[in-house]
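Using my numbering, the first residue of the first sequence is number 115, and each one after it goes up by one.
One structure below.
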Amino acid sequence: MENSIFKQYLERRNTLVKNRNILQTSYNPDQLPHRSDEIDQIASILAGALKGDKPSNIMIFGKAGTGKTAVMTFIGNELQKADAATSNCEYIYINCEVVDTHYGILSGIGNQSQTDFEKRIPYTGWSTEKVYMEMKNYIDSQSKVFIIVLDEIDRLLNKNSDDVLYHLLAINDFLKNSKVSLVGISNNLKFMEFLDSRVHSRFGEEKIIFPPYKTKQLEDILKERAKLAFEPEAIEFGVIPLCAAIAAQDNGDARRALDLLRVAADIAERNGDTLITEAHVKNAKNKIEVDAVVETVKTLPPHSKIVLMSIIKNTEDGNKTMTTGDMYSTYKEITEILGLNCVSQRRVADLISELDMLGIVHAPVRSFGRAGRTRVIELSAPKDVHDVLEADELMIPLKTYRNPKQTTLM
DNA sequence: TGTCCACTGGAAGGGAGGGCTT
DNA sequence: AAGCCCTCCCTTCCAGTGGACA
115 MENSIFKQYL
125 ERRNTLVKNR
135 NILQTSYNPD
145 QLPHRSDEID
155 QIASILAGAL
165 KGDKPSNIMI
175 FGKAGTGKTA
185 VMTFIGNELQ
195 KADAATSNCE
205 YIYINCEVVD
215 THYGILSGIG
225 NQSQTDFEKR
235 IPYTGWSTEK
245 VYMEMKNYID
255 SQSKVFIIVL
265 DEIDRLLNKN
275 SDDVLYHLLA
285 INDFLKNSKV
295 SLVGISNNLK
305 FMEFLDSRVH
315 SRFGEEKIIF
325 PPYKTKQLED
335 ILKERAKLAF
345 EPEAIEFGVI
355 PLCAAIAAQD
365 NGDARRALDL
375 LRVAADIAER
385 NGDTLITEAH
395 VKNAKNKIEV
405 DAVVETVKTL
415 PPHSKIVLMS
425 IIKNTEDGNK
435 TMTTGDMYST
445 YKEITEILGL
455 NCVSQRRVAD
465 LISELDMLGI
475 VHAPVRSFGR
485 AGRTRVIELS
495 APKDVHDVLE
505 ADELMIPLKT
515 YRNPKQTTLM
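Take a look at the structure:
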């Protein structure tokens, strides 16, 4: 360790933060401030499962960072504790953002409580029908009440996967020994409207809405965590109220409040400061925003990157806005230089929509009367995006390319 | 009022790629 | 090895459209 390059950082650590995990959004606290009503409500519905009765299906709504997942995780843990003696129920959690196909969800349910490795459903290869049967048979063989939580359930909508919901809701008709209750978690309040009527009627049994946290409530949450995470006297008085205020503006998102506090602490520690200040929080805010965009851009599929590059190139050429057609010709030039096949304009239109949804570009559809109707595309990401793209392996040929007609393209 | 532009966005389907089954 | 199945990415086709202009 004597000459390690890490030495200085290790020595500097622990001056401010006592326990970093507590500030992670994945950390599950023992206390969930300002959510006792919601916990009671859900617990009262699910309590029947402990006696072997089938609880009503529940839909939980609330914006991002309102504690939906944290509350369900908490309840899941409590349920398992309470069930330890009788073993009447099984709690299964699926995040539909991670697993978003029929197959993935069904096999996820079938595998989560399956302890026998030999009997696990392979993650691809079977027909969905077979996976469903296997899962159903497994569930029925357990003679328990299964509480299946589908987090981010709205992800299933655009994948026309409400079939899978229908099958899960109807599964009770085919079970002899077990019962299944579904808990859906969504941050889209209109989720139910988009559902097939046969799914809609079965799912609407109980609805619970998580309101956004107010500034004061966010402060309480942060104080609670800060007490455990930081050394005493590590944070300036105004830091927590500032984090809370910024997050409150952002739909009362507790996750965001925690991120701000954690990143602010990181920045302070890295600077070797002995106190976390409001200035650190402001830096953190900026850093989080830029990091999020940069990370998204880095993980974009190749053609999306080229589309984005085309938009940047047009912007740098002085066209602050451009139509789909303009952008597509630039796109074709670039793909040619890169030595790749270009995709159709129809496909590019979808890629633009995706970039729009990610907030990287702004591309509303506008009509120019006789001059047609098209998207007006404008870059809305910070400048860092350009650097990230330019550094991308995919774009290497652009740097060395010289246009025979003009001087250089880039 | 109707025309017409430059697309948009839905639908259907192909085919590659991953992996199981027989 | 041949035959399936599922998902993802993509193509092709095409009806539909907002609004400036004649």
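From the three backbone atoms N, C-alpha and C, an ideal C-beta is built for every residue, glycine too.
Computed from a predicted model, the values in this text were never measured in an experiment.
Item to check | According to DSSP, residues forming a beta bridge with T435 | outcome: E492
Item to check | Distance between L508 and L452 (C-alpha atoms, nearest Å) | outcome: 8 Å
Item to check | Cβ shell of K446 (< 7 Å), same chain only, five flanking positions each side left out | outcome: C456
Checklist entry - CA-CA distance, E319 and S295? => result 11 Å
Checklist entry - Roughly how many angstroms separate the alpha carbons of L422 and S227, rounded to a whole number? => result 43 Å
Next on the checklist: Looking at the strands, I want to know which residues DSSP matches up with H476.
Outcome noted: E492
Item to check | Nearest-angstrom Cα separation, counted from E347 out to G162 | outcome: 46 Å
Item to check | Contiguous alpha helix (DSSP H) assignments of at least 4 residues, all confined to the segment 355-399 | outcome: 368-385
Next on the checklist: Could you check whether the segment 403-421 touches the segment 497-516, counting it as contact only if at least three pairs of C-beta atoms, one from each stretch, sit closer than 8 Å?
Outcome noted: yes
Next on the checklist: Here's the rule: buried if 16 or more other CB atoms are within 10 angstroms of the residue's CB, otherwise exposed. What is I159?
Outcome noted: buried
Checklist entry - According to DSSP, is K497 helix, strand or coil? => result coil
Checklist entry - In the structure shown, what three-state DSSP assignment does F482 receive? => result coil
Next on the checklist: Output needed for E152: all residues of its chain with C-beta closer than 7 Å, excluding positions within five of it in sequence on either side, in chain order.
Outcome noted: V185, I322 and F324
Item to check | Residues bridged to Y207 [DSSP beta-bridge criterion] | outcome: V263
Checklist entry - Residue range of the alpha helix (DSSP H) that V462 falls in? => result Q459 to M471
Item to check | Of the residues L389, R489 and L493, the one placed nearest L472, counting alpha carbons only | outcome: L493
Checklist entry - Would a C-beta distance cut-off of 9 Å place H148 and L220 closer than the cut-off? => result no
Checklist entry - On the three-state DSSP scale, how would you describe V294? => result strand
Item to check | Nearest candidate by alpha-carbon position, reference P415, set R339, L283, A393 and I466 | outcome: I466
Checklist entry - Are the beta-carbon atoms of D367 and P326 separated by less than 9 Å? => result yes
Next on the checklist: Out of N301, G486, D405 and I253, which one is the CA nearest neighbour of N209?
Outcome noted: N301
Next on the checklist: I'd like to check one pair, V297 with L342: are the Cβ atoms closer than 9 Å?
Outcome noted: no
Checklist entry - Of the residues I253, T329, K328 and D214, which one's Cα is nearest the Cα of A279? => result First, the amino acid is wrong: residue 279 is Leu here, not Ala. For L279, the nearest C-alpha among the options comes from D214.
Item to check | DSSP beta-bridge partners of I153 | outcome: Beta-bridge pairing links I153 to no other residue.
Item to check | In chain order, each alpha helix (DSSP H) run of at least 4 residues that lies wholly inside the segment 165-225 | outcome: 182-197
Checklist entry - Between Y217 and W240, is the Cβ-Cβ spacing less than 9 Å? => result yes
Checklist entry - alpha helix (DSSP H) containing F317: first to last residue? => result S311 to F317
Next on the checklist: Let's see if you can read the secondary structure: which residues bound the alpha helix (DSSP H) around E430?
Outcome noted: P416 to E430
Checklist entry - DSSP three-state call for K258: helix, strand or coil? => result coil
Item to check | Close Cβ partners of T187 (< 7 Å) along its chain, the five nearest in sequence each way excluded | outcome: N142
Next on the checklist: Taking 7 Å as the limit between beta carbons, can you name the residues of its chain near K182, skipping five residues before and five after?
Outcome noted: I174, G176, I299 and F324
Checklist entry - Taking the alpha-carbon positions, what's the E333 to P355 distance? => result 6 Å
Checklist entry - Does DSSP classify I119 as helix, strand or coil? => result coil
Item to check | R339 - DSSP class collapsed to helix/strand/coil | outcome: helix
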